[in-house]
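Step one of this worksheet: look at the structure below.
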Amino acid sequence: MMTAHRTPFGCTQIHYTSFLVYEHKIIVRQPVLLRFFCVYCAPRRLAGFLIASMCVACYNQIRNRACPERQAEVPMKKTKTCIRPLKLVLAILALITSSGCGKTRDSHREIVAWTFSMMADEWRMREKELEKKHNIEFTIEMVPQREFIQKLQEAMDSGKDAPDIIEWMIENNRILSADPAKSPVIPLNEYCASSAKWKQVPPGRAFWVTCGGHIYGLPHDVHPVVLIYNDTLWKKAGVDLAEIATWDEFFAAARKLTAKKENGKPLHYALPSGDNGFGDTMFMIWQQTGADILDREGRPQFTHFRFKMFLSKWLYWRESGVFTNWDWGNFGALLKNGTLCAYISPDWWMSQVNAAAEDGTYEWRVRELPL
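To convert, note that position 200 of the sequence shown is 199 in numbering that gives the first Met the number 0; the numbers rise steadily by one, no gaps.
In structure tokens form, the structure reads like this:
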């Protein structure tokens, strides 16, 4: 998923994937996705409690666990447990005295957190631990994703039943504002300034939740982005994807995979791509190049040489006929019947291949992305 990490809040985000970046340079060329973040809601103003599951993975740790030169190719067995997501998560829970409300860390209080994601189970598993450690009554509420923003806005406007903490998608900043007086969530600068863990957060992540000098949220978790592929059909076409180093090599090899046709259409496709070739796959590969379409001030820069170079390549690859439509409802079936022979995925979407791997018709592999 692709976004410009320096985009100020209020500017349109391009997509929903991200990579570790630092001062305009890709530090970890292997894509890493940080999807959720926690913010601290203003209406209840219980500023003494700050809770987040914060990513503090260092660059070398991610390289060691996700890069090809450090790790052998991983075969997928015929079981769901074969797909082991890399999750580098550190839970940070801090109870801090609030100068605004006069409460101390000894004050017992109720803390309500909203989430829309699968992380609710993780929070519930730690509920007793959190309550004992921080002298609170902790409640995690699951709110449907489609209703989340509306329900939050209604709670904010009414001034009642609003959560203390929300867990939300890092790319969706409709709830944030560069002006603290207008924002439904409060800045966390004073807490971050006193946190040793915050200093370990990659700068590219901090850009996502910082505007006007104010920090509004904390990165929650980190995921690798990998290439999952049908080893059987690729090798049948004479290609060992484990040996492919670059995307140029990949798309050249993909022509061999799509060479066999029926009724003028390939029997097998190399990758999915939505929106007529301008969807998810494009953005994920694009982000690896470090080609930004927004400058530091959030202004479009479509003439950037890296962007122009990538777009030229992408249009060439798109016309090669190696892509099939990104069929969300039929995705697993396309993998299982051999129509779709590879896809780029963050770890939380890898399970799409489970049925195909369990079926046993084809052998599946997972590897790092080409560069």
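All C-beta atoms in this analysis are idealised placements derived from N, C-alpha and C, irrespective of residue type, glycine included.
Here Ala-236 is near Ala-252, since their CB atoms are less than 9 Å apart. Within the DSSP bridge table, the entry for Lys-264 names Glu-261 as partners. Contact check for Asp-279 against Ile-343 passes: the beta carbons are separated by less than 9 Å. Val-321 is positioned such that its CB atom lies closer than 9 Å to that of Arg-254. For Tyr-315, the enclosing alpha helix (DSSP H) begins and ends at 304-317. Taken through DSSP and simplified to helix, strand or coil, Val-225 comes out as strand.
For Arg-145, there is no enclosing beta strand (DSSP E); the residue is part of the alpha helix (DSSP H) that begins and ends at 144-157. Contact check for Thr-338 and Thr-323: beta-carbon distance about 7 Å, within the 8 Å limit, so the pair qualifies.
Distances from the alpha-carbon of Gly-216 to those of Trp-167, Gln-286 and Asn-329 put Trp-167 closest. Between Leu-270 and Ala-341 the beta-carbon gap is near 6 Å, inside 8 Å, which marks them as a contact. The Cβ-Cβ distance between Ile-110 and Ile-164 falls below 9 Å.
In the DSSP assignment, Trp-363 falls within the unbroken beta strand (DSSP E) covering 363-367. Straight across, the Cα-Cα distance linking Val-208 with Pro-202 is about 10 Å. Pro-218 places its beta carbon 9 Å or farther from that of Asp-346. Counting the other Cβ atoms within 10 Å of the Cβ of Asn-262 gives fewer than 16, which makes it exposed. Residue pairing for Arg-298: DSSP places it in no beta bridge.
Under DSSP, no beta-bridge partner is assigned to His-133.
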